[in-house]
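Enquirer:
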RNA sequence: GGUCCCAUCGUCUAGCGGUCUAGGACGUGGCCCUCUCAAGGCUAAAACACGGGUUCGAUUCCCGUUGGGACCGCCA
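Residue numbers (the working numbering): 4 to 476.
Structure representation (structure tokens):
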């Protein structure tokens, strides 16, 4: 048969899509695309008390924002309880599973006791050989795990990992309330959805032998496994809120580009020689488990920021402009619904895009182009809007009032002439003008700024600056 | 505690027995460019955890030690 690669991302809706989940989804998708296979999205919501529809939406929103589109699904395990039930029945019928009448409280107490005594907290198998039901108790169902021999996980990233079956205890596959548990559903679904490769976090490696035994019990072929190294925080513990933003949506709101985030994430554990920046097309072409590392990686926000800037710089001003508008609204630079000449905005964006690391920064830096009245930064004003600069600014005002050519070349000619006349360096004029135009001391090249601002605004601000100096003196 | 995984600059990593005076990237320092800020260019400091083997030769293979991580739920 033609072995079409089929992989899945199977988050549980108990939180937002986070950085680690996004990377798992990415690797799955890359693997599928690399082989022209199928990427399935499956929601693992068998824990009814912790799963919510809001989080399902949030996960889908995150995947969509990142552009991690899937081919099948989203499937919800909640909709498939009948299927799991039939698999459990089959196991019971074949004697491969049995009813367990121990209460959750008893089990918990025994576990605590074992932990306290320094023993391995494992189910002791006391209900294993019960022949008669215990009246008045609705039982859970346990899988009868083989007690001797070994189970080998042949991992695509780690090679063969051997587990002694004596370490595996009889896990619950059906809760006493009739709902199935993870280890059962994951196997049933991967079989049912004909998953060929299970690509997931390292934290699942220890569950794998149990799942393999379930495959064996059902008589199904075991899929390929690839356990990805974890993503750690700066203190080398599992990435969590303590380390800052972990939700994918938080990065969107902070002004990161989805492709930049993806590019950063793929390099956590995967590499292709010395290359740092990849297009999605390159990633799907190059991706292989051969160059996925085994060691956990520390999440480094600094490098993500750099990558984001690389992506911002590489975009066309027009595309960037479209993305920055919502941030202009959020920063109150643009009123909701207020329209703007997009071609003009793109010109402004072009002057700033190599100066912004995030869309938020870009939006903020756009302020002086867009708003009518700018405010002078007090320190900038003191330093550059003073008696010394006044004659320069006045000359410039006069010259520009008669100047129709606001191109870089045209403006440069005017500036050069004034600077020569006064025998000063360009900076002596450029800085006061910069403060007059932007309110601050940092901006794109002064000719670019004036070009974007246009004659009217330029003269208006020049006059305001001159007035401010006069008033002071 | 048990089981399993992992180990190259601060961080992400290249390296798949000799090419290693260990390469790249982020970050950090310096210089250049320059109307400011960036961008860009050049440059500097910075790592093979330790101990045994195997081998003519180990960063690379094996074992141990140490250190880190994950899992041990009627969570996923």
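From the three backbone atoms N, C-alpha and C, an ideal C-beta is built for every residue, glycine too.
Output the distance between the C-alpha atoms of residue 237 and residue 23, rounded to the nearest integer angstrom.
Expert: Working through the first chain from its first residue, we reach residue 237 at position 234. Working through the first chain from its first residue, we reach residue 23 at position 20. Those two C-alpha atoms are separated by around 15 angstroms.
Enquirer: Given this structure, state the Cα-to-Cα distance separating residue 402 from residue 415, to the nearest angstrom.
Expert: As a first step, residue 402 must be located in the first chain, where it is residue number 399. As a first step, residue 415 must be located in the first chain, where it is residue number 412. The alpha-carbon atoms of residue 402 and residue 415 are separated by roughly 12 angstroms.
Enquirer: Residue ranges of each beta strand (DSSP E) run of no fewer than 3 residues wholly in the region 130 to 204, ordered along the chain?
Expert: Entirely contained in the region 130 to 204, the beta strand (DSSP E) runs reaching 3 residues are, in chain order, 143 to 146, 153 to 158, 162 to 167, 175 to 177, 200 to 204.
Enquirer: List the DSSP bridge partners of residue 278.
Expert: For this step, residue 278 is matched to residue 275 along the first chain. Per DSSP, 275.
Enquirer: So what does residue 449 bridge to, in DSSP terms?
Expert: Position 446 of the first chain, counting from 1, holds the residue named residue 449. Answer is none; residue 449 lacks a bridge partner.
Enquirer: Is residue 46 helix, strand or coil when you go by DSSP?
Expert: Within the first chain, residue 46 is the residue found at index 43, counting from 1. Three-state result, residue 46: strand.
Enquirer: If you run the structure through DSSP and keep just helix, strand and coil, what is residue 295?
Expert: Mapped onto the first chain, residue 295 falls at position 292. Three-state result, residue 295: strand.
Enquirer: With a CB to CB cut of under 6 angstroms and the five nearest residues on each side skipped, what residues in its chain are close to residue 78?
Expert: As a first step, residue 78 must be located in the first chain, where it is residue number 75. Excluding positions up to five away in sequence, the list reads 45.
Enquirer: Please list, in chain order, all residues of the same chain as residue 472 whose beta carbon is under 8 angstroms from its beta carbon, the five residues on each side excluded.
Expert: Within the first chain, residue 472 is the residue found at index 469, counting from 1. Excluding sequence neighbours, residue 472 sits near 388, 389, 390, 392, 393, 396.
Enquirer: Express the C-alpha separation of residue 125 and residue 117 in angstroms, rounding to a whole number.
Expert: As a first step, residue 117 is located in the first chain; it is residue number 114 there, counting from the start. As a first step, residue 125 is located in the first chain; it is residue number 122 there, counting from the start. Approximately 8 angstroms between the Cα atoms of the pair.
Enquirer: How far does the alpha helix (DSSP H) with residue 70 in it reach, from first residue to last?
Expert: Locating residue 70 in the first chain gives position 67, counting from the first residue. Premise fails: residue 70 is in no alpha helix (DSSP H) and is neither H nor E.
Enquirer: Less than 8 angstroms between the C-beta atoms of residue 264 and residue 315, yes or no?
Expert: As a working mapping, residue 264 is identified with position 261 in the first chain. As a working mapping, residue 315 is identified with position 312 in the first chain. Cβ distance not < 8 angstroms, so residue 264 and residue 315 don't count as in contact.
Enquirer: Hey, quick one: how far does the beta strand (DSSP E) through residue 231 stretch, first residue to last?
Expert: On the first chain, residue 231 is found 228 positions in, with the first residue counted as 1. Run containing residue 231: 227 to 231, per the beta strand (DSSP E) assignment.
Enquirer: Here's the rule: buried if 16 or more other CB atoms are within 10 angstroms of the residue's CB, otherwise exposed. What is residue 14?
Expert: As a working note, residue 14 is residue 11 in the first chain. Per the 10 Å Cβ criterion, buried.
Enquirer: Secondary structure at residue 430, three-state DSSP: helix, strand or coil?
Expert: Against the first chain, residue 430 aligns to sequence position 427. Helix at residue 430.
Enquirer: Does DSSP put residue 53 in a helix, in a strand, or in coil?
Expert: Translated into positions along the first chain, residue 53 becomes position 50. Correct three-state label for residue 53: coil.
Enquirer: Pick out whichever of 431, 371, 182, 421 has its Cα sitting closest to the Cα of residue 86.
Expert: Position 83 of the first chain, counted from the start, is the residue given in the question as residue 86. It is 182.
Enquirer: Could you tell me the distance, in whole angstroms, from the CA atom of residue 157 to the CA atom of residue 206?
Expert: Taking the first residue of the first chain as position 1, residue 157 is located at position 154. Taking the first residue of the first chain as position 1, residue 206 is located at position 203. One C-alpha to the other measures close to 16 angstroms.
Enquirer: By the three-class DSSP mapping on this structure, what secondary structure does residue 14 have?
Expert: Taking the first chain and counting its residues from 1, the one referred to as residue 14 is at position 11. Looking at residue 14 - three-state DSSP - the assignment turns out to be coil, as it is neither helix nor strand.
Enquirer: Run through DSSP, which three-state label would residue 267 get?
Expert: Sequence index remark: in the first chain, residue 267 carries index 264 (1-based). Residue 267 falls in the helix class under three-state DSSP.
Enquirer: Please name the residue, chosen from 427, 96, 292, that lies closest to residue 31 on a Cα-to-Cα basis.
Expert: Sequence index remark: in the first chain, residue 31 carries index 28 (1-based). Checked all of 427, 96, 292; the closest Cα to residue 31 is 292.
Enquirer: Below 8 angstroms CB to CB, which residues in the same chain sit around residue 455 once its five sequence neighbours on both sides are set aside?
Expert: Residue 455 sits at position 452 when you count from the first residue of the first chain. Correct list, in chain order: 347, 350, 351, 354, 372.
Enquirer: Which same chain residues end up closer than 6 angstroms to residue 188 when comparing Cβ atoms and leaving out the 5 residues on each side of it in sequence?
Expert: Numbered from its first residue, the first chain carries residue 188 at position 185. For residue 188, where only same-chain residues beyond five positions count, the Cβ hits under 6 angstroms are 49, 80, 87.
Enquirer: Kindly give me the distance between the Cβ atoms of residue 228 and residue 201, rounded to whole angstroms, as I take these residues to be in contact under 8 angstroms.
Expert: In the first chain, counting from the first residue as 1, residue 228 sits at position 225. In the first chain, counting from the first residue as 1, residue 201 sits at position 198. Indeed they touch by this definition, with Cβ atoms about 5 angstroms apart.
Enquirer: Is the beta carbon of residue 232 closer than 8 angstroms to that of residue 322?
Expert: Locating residue 322 in the first chain gives position 319, where the first residue counts as 1. Locating residue 232 in the first chain gives position 229, where the first residue counts as 1. Taking 8 angstroms as the Cβ cut-off, residue 322 and residue 232 do not qualify as a contacting pair.
Enquirer: Give every residue of the same chain whose Cβ lies closer than 6 angstroms to the Cβ of residue 37, excluding the five residues on either side of it in the sequence, and list them in chain order.
Expert: Here residue 37 refers to the residue found at position 34 when the first chain is read from its first residue. Contacts found: 287, 290.
Enquirer: May I ask whether a heavy atom of the ligand GDP can be found less than 7 angstroms away from the beta carbon of residue 83?
Expert: The ligand content of the structure shown is nil, which means the ligand GDP is not present either.
Enquirer: Report buried or exposed for residue 345, applying the criterion of at least 16 other Cβ atoms within 10 angstroms of its Cβ.
Expert: Residue numbering aside, residue 345 sits at position 342 when the first chain is read from its first letter. Burial call: exposed.
Enquirer: In this structure, does DSSP put residue 38 in helix, strand or coil?
Expert: Here residue 38 is taken as the residue at index 35 of the first chain, counted from 1. If DSSP states are grouped into helix, strand and coil, residue 38 belongs with coil.
Enquirer: For residue 58, I'd like the list of residues in its chain whose CB is within less than 8 angstroms of its CB, leaving aside the five on either flank, ordered along the chain.
Expert: Working through the first chain from its first residue, we reach residue 58 at position 55. Once the five neighbours on either side are set aside, the close Cβ partners of residue 58 are 16, 17, 18, 19.
Enquirer: Quick one: residues in its chain with C-beta nearer than 7 angstroms to the C-beta of residue 261, no 5 flanking neighbours on either side, listed in chain order?
Expert: Counting from one through the first chain, the residue named residue 261 turns up at place 258. Close CB contacts of residue 261 within its chain, under the 7 angstroms cut and outside five residues either way in sequence, are with 68, 69, 70 (chain order).
Enquirer: Candidates 436, 215, 112: which alpha carbon is nearest residue 379's?
Expert: Against the first chain, residue 379 aligns to sequence position 376. Closest by alpha carbon: 436.
Enquirer: From the DSSP output, which residues share a beta bridge with residue 235?
Expert: Position 232 of the first chain holds residue 235. Residue 235 pairs with 241, 301.
Enquirer: So if DSSP puts residue 101 in a beta bridge, which residue, or which two residues, is it bridged to?
Expert: Within the first chain, the letter at position 98 stands for residue 101. The partner list for residue 101 (beta bridge, DSSP) reads 145.
Enquirer: Does the separation of the CB atoms of residue 144 and residue 95 fall below 8 angstroms?
Expert: Indexing the first chain from 1 puts residue 144 at position 141. Indexing the first chain from 1 puts residue 95 at position 92. For residue 144 and residue 95, yes; Cβs fall inside 8 angstroms.
Enquirer: Using the Cβ count rule (16 or more neighbours within 10 Å means buried), how would you classify residue 280?
Expert: Counting from 1 along the first chain, the entry for residue 280 is found at position 277. Exposed, because fewer than 16 other Cβ atoms sit within 10 Å of the Cβ of residue 280.
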